[in-house]
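Numbering (my numbering), first residue to last: 4 to 179.
Here's what the structure looks like:
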């Protein structure tokens, strides 16, 4: 079962990402990349499963890939990213598909689904869904996507908000 997020109800672009979910054997529970993965329904028949040989036989874990689907606006993606703009031109398969059918599906299996969700929420001006504070680790993960898709100007304002929040926290710790 895919995890679905409708960022733009009138969207014409489906971004398909994958979340790695580790399932511990012997009913030890579900673990994942983050806490949000625990809420996923596990559909063993439809998931891609890989044995994790690095664990002991008694606690052997299975890794599954779960689809994360984002419905977004191709216009927003093209405005925010020259990479998506080039992708949606007539020269590429995605551009041909978008112009012929009015809808395009783009697979991004290597990208972090949680950080990409944060990124498209920023791009689509969904401020209520963008955190006011994030960890330095999350910012690093987000920066990888921003750099990959050249979305620097799209996230400049919110990244400044995050850095100011860190500065405030550091000052509070210094003067205790």
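For each residue, glycine too, the CB sits at the ideal point set by N, CA and C.
How would you call residue 106, buried or exposed, if buried means at least 16 neighbouring beta carbons within 10 angstroms? exposed
Rounded C-alpha distance that separates residue 137 from residue 16: 27 Å
From what residue to what residue does the alpha helix (DSSP H) around residue 10 run? Segment: none, residue 10 is in no alpha helix (DSSP H) and carries neither H nor E.
Distance, Cα to Cα, residue 168 vs residue 82? 28 Å
Spatial neighbours of residue 79 within its chain, please: CB distance less than 6 Å, with the 5 preceding and 5 following residues excluded, ordered by chain position. 126 and 127
Take residue 110 and list the residues in its own chain whose beta-carbon comes closer than 7 Å to its own, dropping the five residues that flank it on each side. The residues are 19.
Is residue 45 buried or exposed, if buried means 16 or more other CB atoms sit within 10 Å of its CB? At residue 45 the pLDDT is 33, less than 50, meaning the model places this residue with poor confidence and gives no usable figure here.
Straight-line Cα distance separating residue 139 from residue 162: 11 Å
Taking just the CA atoms, how far does residue 143 sit from residue 176? 22 Å
Rounded separation between residue 172 and residue 146 - CA only: 21 Å
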